[in-house]
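Trainee: Residue numbers for the sequence shown follow this note's numbering, beginning at 1259 and rising by one. Glycine included, each C-beta is placed from N, C-alpha and C at the ideal position.
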Amino acid sequence: MRNVPRNPLLSARSRWFIAGLAAVVMPAVAATLQVGPTRGFTKPCAAFAAAAAGDTIEIDAATYVGDVCGVYPNNLIIRGVNGRPKIDAGGNNAMGKGIWVISGSNITVENVEMYGAKVADRNGAALRLEGDNFTLRGSFLHDNENGVLGGLSTASNILIEKSEFGHNGHGDGYSHNLYIFNVGSLTFRYNYSHDANVGHNLKSRARVNTILYNRFSSTPPGQIGSTASGQPSYEVDLPNAGTAYVIGNVIEQPAANQNPTMLAYGEEGASNPGQDLYVVNNTFLNDESSAGTFIFTGSSVTKPVLMQNNIFGGVGTVNTQAAAIDRTNFRSLTPGFVNRANYDLHPTDALVVNSGSAPGLSASGMSLAPVAQYRHVAASEVRPVAGQIDIGAYEAASTTTTVDTTPPVVAFVSPANGATLHRLAKVSVKATDNVGVATTRLFVNGRLTASASGGELTSTLCTAGMVGTYALTATATDAANNQSSTGITISCMK
1259 MRNVPRNPLL SARSRWFIAG LAAVVMPAVA ATLQVGPTRG FTKPCAAFAA
1309 AAAGDTIEID AATYVGDVCG VYPNNLIIRG VNGRPKIDAG GNNAMGKGIW
1359 VISGSNITVE NVEMYGAKVA DRNGAALRLE GDNFTLRGSF LHDNENGVLG
1409 GLSTASNILI EKSEFGHNGH GDGYSHNLYI FNVGSLTFRY NYSHDANVGH
1459 NLKSRARVNT ILYNRFSSTP PGQIGSTASG QPSYEVDLPN AGTAYVIGNV
1509 IEQPAANQNP TMLAYGEEGA SNPGQDLYVV NNTFLNDESS AGTFIFTGSS
1559 VTKPVLMQNN IFGGVGTVNT QAAAIDRTNF RSLTPGFVNR ANYDLHPTDA
1609 LVVNSGSAPG LSASGMSLAP VAQYRHVAAS EVRPVAGQID IGAYEAASTT
1659 TTVDTTPPVV AFVSPANGAT LHRLAKVSVK ATDNVGVATT RLFVNGRLTA
1709 SASGGELTST LCTAGMVGTY ALTATATDAA NNQSSTGITI SCMK
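#1: Quick check: what's the CA-CA separation for L1682 versus V1693?
#2: Cβ atoms of D1736 and V1695: under 7 angstroms apart, would you say?
#3: Since I believe G1382 is in contact with E1403 (beta carbons under 8 angstroms), could you give me their beta-carbon distance rounded to a whole number of angstroms?
#4: Name the one or two DSSP bridge partners that S1753 has.
#5: Which whole-angstrom value describes the C-beta separation of N1539 and N1568, a residue pair presumed to lie in contact below a C-beta threshold of 8 angstroms?
#6: For A1669 and M1751, I'd like the C-alpha separation in whole angstroms.
#7: Give every residue of the same chain whose Cβ lies closer than 6 angstroms to the Cβ of T1445, excluding the five residues on either side of it in the sequence, and list them in chain order.
#8: Taking 7 angstroms as the cut-off, decide whether the C-beta atoms of G1442 and A1413 are in contact.
#9: Per DSSP, Q1292 forms a beta bridge with which residues?
#10: Tell me the rounded alpha-carbon separation between T1659 and E1653.
#11: Who are the Cβ neighbours of Y1471 in its own chain at under 8 angstroms, not counting the five residues just before and after it?
#12: How far does the beta strand (DSSP E) with C1327 in it extend, from its first residue to its last?
#13: In three-state terms, what does DSSP make of R1598?
#14: From the DSSP output, read off the bridge partner residues of S1711.
#15: Buried or exposed, going by whether 16 or more other CB atoms sit within 10 Å of the CB of A1732?
#16: Could you give the DSSP three-state label for A1454: helix, strand or coil?
#17: Please report how far the alpha carbon of R1585 lies from the alpha carbon of H1604, in whole angstroms.
#18: Check whether the region 1352 to 1364 touches the region 1705 to 1722, counting contact only when three or more Cβ pairs, one atom from each stretch, lie closer than 8 angstroms.
#19: Within 8 angstroms, do at least three Cβ pairs link the region 1609 to 1619 to the region 1421 to 1429?
#20: Would you call the CB atoms of Y1728 and I1748 closer than 7 angstroms?
#21: Can you look up P1605 in the DSSP assignment and give me helix, strand or coil?
#22: Which residue spans inside the region 1451 to 1518 form an unbroken beta strand (DSSP E) run of at least 3?
#23: Only counting the same chain, and skipping five residues up and downstream in sequence, which positions put a Cβ closer than 6 angstroms to that of A1308?
#24: Would the beta-carbon of N1517 fall within 7 angstroms of that of S1491?
#25: Kindly give me the distance between the Cβ atoms of T1690 and G1712, rounded to whole angstroms, as I take these residues to be in contact under 8 angstroms.
#26: Output needed for A1499: all residues of its chain with C-beta closer than 8 angstroms, excluding positions within five of it in sequence on either side, in chain order.
#27: Put F1439 into one of helix, strand or coil per three-state DSSP.
#28: If you count every other CB in all the chains shown that lies within 10 Å of the CB of R1463, and 16 or more means buried, which is it?
#29: Can you tell me where the alpha helix (DSSP H) with A1308 in it begins and where it stops?
#30: Which residue marks the beginning of the beta strand (DSSP E) containing Q1646, and which one marks its end?
#31: What's the C-alpha gap between N1600 and S1743?
#32: Run through DSSP, which three-state label would Q1631 get?
#33: Return helix, strand or coil for K1344, following the three-state DSSP convention.
#34: The beta strand (DSSP E) that contains N1539, what's its start and end?
#35: Anyone know if the C-beta pair for V1537 and T1501 falls short of 7 angstroms?
#36: Within the continuous beta strand (DSSP E) that includes H1434, where are the two ends?
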């Protein structure tokens, strides 16, 4: 057969057509990268370095110490699986900024626990945000200099939901549980932010803040909580004003605090577009007996703040703005609740139940009516509709509803009290409840070391450096915030 010369033009066109066809029929498929002691990637940062845009990284529940890095690809989902992984800075930091520096955009982080972020400038963050559009969900950030810090673009939107923040802050007042920079918007909902170490439980310079159905509070000294007790400054600080919706929150100022103001708005100047603050159906509680300001409004804010259907419990000034709109709010030194000590804040005062007014719409047309209620820990439930709306963050409990006052029962399955354990021994805790266990936690010498949703928890003891005798405390909490604890003592050998 005679050889026929190849037509270069035809060949080039054919290659272009085939390449184009392949792009149509064989699109790139996002990968799932698995991280864990027995997985292909043993550390999260190795998976981040190998990931491409759009991938999912699944991190097994284990403790990852000193694994710090930047996260650069866009559109990642980073998710803890088979429990909640613990990311311990272990004395390390990425780029002098924190544990994970989120440089990519459109990143979602779910179900992780992060702690120990410290850097030279005292501003270390568990999550340092440097890309646009970020979501955090179902996570626990504690004992860092900042829990979440950053957000550099007004085109960026941040969503944080169903997460817990506790005892973050260097202790100098310049670092916080969360510090969001001047982004386009922050939506902060169904979260539990507490015990900030001198700083604020939430500080946000976002142009639009939507703060819905959260609990801001602190643990009384001597009472076991998920972190050490803290003395926060502001519970919520919105220093540059802007448009802000503060609806359906529990906002409690502890007796020991660094500043008696609970919600601050525009105290550094109303530099954001808009001066619209809507404070609707919140329950404010001031535990300090001698001083307090429920809402501090900066002098440069000229538009009247709307305060409607709020409970203001305790001493203090309701609002420093004389022109603020005061509509169907309830003020009392000791407002009535089903069980304030256990945070069952369903109202019992006759002047609160069925005494609110219809919240209506904001200037932009957003409904101000609450549709949910905070449920501990870092969750929500539908707010029932029964007659006229009640004042405060909760509707009154139905007279046909039995209030759960029974605490869980919690016990150590293993080890036995007084046991001597070898390296990397396992501890197992089991809790039961008449309704259901929300959270089980393990403390070693008073420090939280493990947490699990539900009534079963397993963890590793006698890790490197643990030699001697240790006090173990297990606590279990149900959805009604009833809590019980039990303790044992063990010894770790080399």
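Mentor: The relevant details are as follows:
#1: Residue mapping note: residue 1682 aligns to position 424 of the sequence shown, counting from 1. Residue mapping note: residue 1693 aligns to position 435 of the sequence shown, counting from 1. Distance between the alpha carbons of L1682 and V1693 is about 34 angstroms.
#2: In the sequence shown, counting from the first residue as 1, residue 1695 sits at position 437. In the sequence shown, counting from the first residue as 1, residue 1736 sits at position 478. In contact: V1695 and D1736 (Cβ atoms closer than 7 angstroms).
#3: For the purposes of this step, residue 1403 is taken as the residue at position 145 of the sequence shown. For the purposes of this step, residue 1382 is taken as the residue at position 124 of the sequence shown. Contact holds; Cβ gap of about 4 angstroms.
#4: Not covered by the structure: residue 1753. The range shown for the chain is 1259 to 1752.
#5: Translated into positions along the sequence shown, residue 1539 becomes position 281. Translated into positions along the sequence shown, residue 1568 becomes position 310. So it is a contact: roughly 7 angstroms between Cβ atoms.
#6: Start at 1 with the first residue of the sequence shown, and residue 1669 comes out as number 411. Start at 1 with the first residue of the sequence shown, and residue 1751 comes out as number 493. Straight-line Cα distance between these residues: approximately 24 angstroms.
#7: Along the sequence shown, read from residue 1 onward, the residue named residue 1445 stands at position 187. L1417, T1468, listed in sequence order.
#8: For this step, residue 1442 is matched to residue 184 along the sequence shown. For this step, residue 1413 is matched to residue 155 along the sequence shown. Yes, these two residues count as a Cβ contact at 7 angstroms.
#9: Taking the sequence shown and counting its residues from 1, the one referred to as residue 1292 is at position 34. For Q1292, which the question treats as bridged, DSSP gives the partners E1316.
#10: Position 401 of the sequence shown holds residue 1659. Position 395 of the sequence shown holds residue 1653. Its pLDDT being 47, under 50, T1659 is placed unreliably in this model, and the value from its coordinates should be taken loosely. Approximately 12 angstroms, taken between the alpha carbons.
#11: Translated into the one-based positions of the sequence shown, residue 1471 becomes position 213. So the list reads R1447, Y1448, I1505, G1506, N1507, P1628, A1630, Q1631, Y1632, S1638, A1651, once near-sequence residues are dropped.
#12: As a first step, residue 1327 is located in the sequence shown; it is residue number 69 there, counting from the start. Here the beta strand (DSSP E) through C1327 covers 1327 to 1329.
#13: As a working note, residue 1598 is residue 340 in the sequence shown. DSSP places R1598 in helix when its eight states are reduced to three.
#14: Within the sequence shown, numbered from 1, the residue matching residue 1711 stands at position 453. Paired residue(s): T1697.
#15: Indexing the sequence shown from 1 puts residue 1732 at position 474. Buried, since its Cβ has 16 or more Cβ neighbours within 10 Å.
#16: Position 196 of the sequence shown, counting from 1, holds the residue named residue 1454. Coil at A1454, not helix or strand.
#17: Looking up residue 1585 in the sequence shown gives position 327. Looking up residue 1604 in the sequence shown gives position 346. Their Cα atoms are separated by approximately 20 angstroms.
#18: no
#19: no
#20: As a working note, residue 1728 is residue 470 in the sequence shown. As a working note, residue 1748 is residue 490 in the sequence shown. Cβ atoms of Y1728 and I1748: closer than 7 angstroms.
#21: The residue you call residue 1605 lines up with position 347 of the sequence shown. Reduced to three states, the DSSP call for P1605 is strand.
#22: 1466 to 1470, 1473 to 1475, 1494 to 1496, 1500 to 1505, 1508 to 1511
#23: Sequence index remark: in the sequence shown, residue 1308 carries index 50 (1-based). Excluding sequence neighbours, A1308 sits near nothing in its chain.
#24: Along the sequence shown, one-based indexing puts residue 1517 at 259. Along the sequence shown, one-based indexing puts residue 1491 at 233. Yes, the pair counts as a contact, with Cβ atoms nearer than the cut-off.
#25: The residue labelled residue 1690 in the question sits at position 432 within the sequence shown. The residue labelled residue 1712 in the question sits at position 454 within the sequence shown. Contact flag wrong, Cβ pair sits at about 11 angstroms.
#26: Numbered from its first residue, the sequence shown carries residue 1499 at position 241. Here the set comprises Y1523, G1524, G1527, A1528, S1529, N1530, G1532, Q1533, L1535, G1556, S1558, V1559.
#27: Position 181 of the sequence shown, counted from the start, is the residue given in the question as residue 1439. Coil, per DSSP.
#28: Numbered from its first residue, the sequence shown carries residue 1463 at position 205. R1463 is buried by the Cβ-count criterion.
#29: Here residue 1308 corresponds to residue number 50 of the sequence shown, with the count starting at 1. From DSSP, the alpha helix (DSSP H) with A1308 extends over 1302 to 1308.
#30: As a working note, residue 1646 is residue 388 in the sequence shown. Looking at the DSSP string, Q1646 is not in any beta strand (DSSP E), and its letter there is neither H nor E.
#31: Here residue 1600 refers to the residue found at position 342 of the sequence shown. Here residue 1743 refers to the residue found at position 485 of the sequence shown. Looking at the two C-alpha atoms, the distance is approximately 15 angstroms.
#32: Here residue 1631 refers to the residue found at position 373 when the sequence shown is read from its first residue. Reduced to three states, the DSSP call for Q1631 is strand.
#33: As a position in the sequence shown, residue 1344 is number 86, starting the count at 1. Residue state, collapsed to three classes: strand.
#34: For the purposes of this step, residue 1539 is taken as residue 281 along the sequence shown, with counting starting at 1. From DSSP, N1539 is part of no beta strand (DSSP E); its letter is neither H nor E.
#35: If you number the sequence shown from 1, residue 1537 lands on position 279. If you number the sequence shown from 1, residue 1501 lands on position 243. Not in contact: V1537 and T1501 (Cβ atoms no closer than 7 angstroms).
#36: Walking along the sequence shown from the start, residue 1434 turns up at place 176. Run containing H1434: none; DSSP gives neither H nor E here.
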